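Worksheet for the structure shown next.
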Amino acid sequence: MRCPFCRHADSRVVDSREVDEGQAIRRRRSCSECGRRFTTSETMVLAVVKRSGVTEQFSRDKVVLGVRRACQGRPVDDDALQQLAQRVEESIRAAGVAEIPSHEVGLAILGPLRELDTVAYLRFASVYRSFSSIEDFEKEISDLRQAIADTADLAGSGNGADDA
Ligand SMILES: [Zn+2]
Numbered sequence: 005m006r007c008p009f010c011r012h013a014d015s016r017v018v019d020s021r022e023v024d025e026g027q028a029i030r031r032r033r034s035c036s037e038c039g040r041r042f043t044t045s046e047t048m049v050l051a052v053v054k055r056s057g058v059t060e061q062f063s064r065d066k067v068v069l070g071v072r073r074a075c076q077g078r079p080v081d082d083d084a085l086q087q088l089a090q091r092v093e094e095s096i097r098a099a100g101v102a103e104i105p106s107h108e109v110g111l112a113i114l115g116p117l118r119e120l121d122t123v124a125y126l127r128f129a130s131v132y133r134s135f136s137s138i139e140d141f142e143k144e145i146s147d148l149r150q151a152i153a154d155t156a157d158l159a160g161s162g163n164g165a166d167d168a
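Each position in the sequence shown, counted from 1, maps to that position plus 4 in our numbering.
Structural data, given as structure tokens:
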């Protein structure tokens with residue numbers, strides 16, 4: 005990175021710190037020619053690899069768009085969609101990979117969407133997993149029921165009324 009003052013090509017890092025919860029690094033640099041200081045910032049670019057092999061930068065807006073379609077007519081507002089997209093991005097970034105296949109973005113959406121709205125989840129899952137038969141839906145719904153029951157068990161643990 006060239007010095008913005010004298011265009012010298014070499015600089016020394018005098019300080020570096022993580023910002024945005026470790027998703028970016030800011031470095032304070034000192035030009036080895038003129039001695040002036042400047043700041044650079046590095047952010048990890050998260051690339052989504054589409055089925056065609058084309059890569060594009062991960063976008064929360066695209067997540068929101070994809071999920072919004074599944075949420076039509078459901079009581080899900082824009083704030084909830086934004087939060088979901090943020091959770092999706094965080095979970096993908098937490099995996100620490102620079103590139104992710106687009107179907108894994110879909111996979112990362114399923115969990116938070118299921119918590120948000122089960123009908124929207126089923127719609128999204130039916131497209132994402134290419135459901136082709138009623139049996140696909142039946143299996144998904146029975147898994148969903150099981151997951152909801154498990155969640156209820158966790159929430160209600162301690163009452164000792166079940167699992168006899
Ligand atoms: Zn300089």
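Cβ coordinates follow ideal geometry from the N, Cα and C atoms, glycine included. Because the structure is a prediction, the values reported are computed rather than measured.
Exercise for review: May I ask you to report which of helix, strand or coil DSSP gives Q86?
Suggested key: helix
Point to revise | Straight-line gap, D82 to M5 (C-alpha atoms, nearest Å) | key: 40 Å
Review point. For P116, does the count of other Cβ atoms within 10 angstroms reach 16, so buried, or fall short, so exposed?
Key: buried
Check your understanding: Do three or more CB pairs link the segment 142–149 to the segment 87–98 at distances below 8 Å?
Key -> no
Review point. Between G9 and ligand 1, is the CB less than 6 Å from at least one heavy atom?
Key: The question names Gly, yet the displayed sequence has Phe at residue 9. Yes, the Cβ of F9 comes within 6 Å of a heavy atom of ligand 1.
**Study point:** Beta-carbon proximity list for T155, same chain, < 8 Å, skipping 5 on both sides
**Key:** none
**Study point:** Unbroken alpha helix (DSSP H) run spanning V23, endpoints
**Key:** Careful: V23 lies outside any alpha helix (DSSP H), inside the beta strand (DSSP E) at 15–23.
Point to revise | Check: H12 C-beta below 6 Å from any heavy atom of ligand 1 | key: yes
Review point. Taking the Cβ atom as the reference point for each residue, do F9 and R40 lie within a distance shorter than 7 Å?
Key: yes
Exercise for review: Below 7 Å CB to CB, which residues in the same chain sit around D121 once its five sequence neighbours on both sides are set aside?
Suggested key: C75, R78, V80
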